[in-house]
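Okay, structure first, notes after.
As structure tokens, this is what we get:
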């Protein structure tokens, strides 16, 4: 029997950092590292209807909490995200963050050292909201909140996401947003 894993942020020892690098202002990335999961060689991308609700529900719960309209699921964006995570999984480095600098879409990316569920990944992005101050549209000193602001960006209307399960059970998650959010100098809501 596999050991039971708690999906709370603390118990899973997840650490989320925003990697700014060369990402445009409308892109956000997170890095998660946690307890290693059992090794697996299963490598699959997911973007089916069941998974769609796992991504969409936590996005829309976060949006409801700040009074912005819900997002719609986009099969086209999910397809584009699936193609991108598949390419990332197949590269020699295996499941690194995608360079989304030329993308017309907003992006959130997440990486976990184990098989993370879609809702868990979105919850990690939303958890950054505790560092966001709407009053002055800033993040707390030394903290990142770009993945949160991407999720709750008022102008966004649709989202599509996919995951790749990589060697040793790591998970790369990518969500694409249309139109993009995280416009520098603008408040998300």
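In mature numbering (1 follows the signal peptide of the UniProt record, and there is no 0), the protein residues as written are -27 to -1, 1 to 162. Cβ coordinates follow ideal geometry from the N, Cα and C atoms, glycine included.
Between the CA atoms of residue 34 and residue 128 - distance to the nearest angstrom: 16 Å
Pairwise C-alpha distance: residue 109 and residue 158: 11 Å
Length at least 3, wholly inside the stretch 71 to 115: the beta strand (DSSP E) runs in chain order: 79 to 85
Short Cβ contact (8 Å threshold) for residue 37 with residue 132: no
Where the alpha helix (DSSP H) through residue 156 begins and ends: Looking at the DSSP string, residue 156 is not in any alpha helix (DSSP H), and its letter there is neither H nor E.
Residue 146 - partner residues in DSSP beta bridges: 83, 136
Given 8 Å, three or more beta-carbon pairs between the stretch 139 to 151 and the stretch 68 to 86: yes
Given residue 138 as reference, the closest of 61, 25, 31, 160 once Cα atoms are compared: 61
For residue 128, three-class secondary structure by DSSP: coil
Exposure of residue 9, with buried meaning 16 or more beta-carbon neighbours within 10 Å: No answer about residue 9 holds up, because its pLDDT of 28 lies below 50 and its placement is not dependable.
Short Cβ contact (8 Å threshold) for residue 148 with residue 134: yes
Buried versus exposed, by CB contacts within 10 Å (16 or more), residue 140: exposed
Beta-carbon separation (whole angstroms), residue 98 vs residue 120, contact threshold 8 Å: 4 Å
Distance between beta carbons of residue 92 and residue 104, contact taken as under 8 Å: Not quite, the Cβ-Cβ distance comes to about 21 Å (not below 8 Å), so this is no contact.
Delimiting residues of the alpha helix (DSSP H) encompassing residue 60: 48 to 63
Closest by C-alpha distance to residue 160, when choosing among 46, 30, 107: 107
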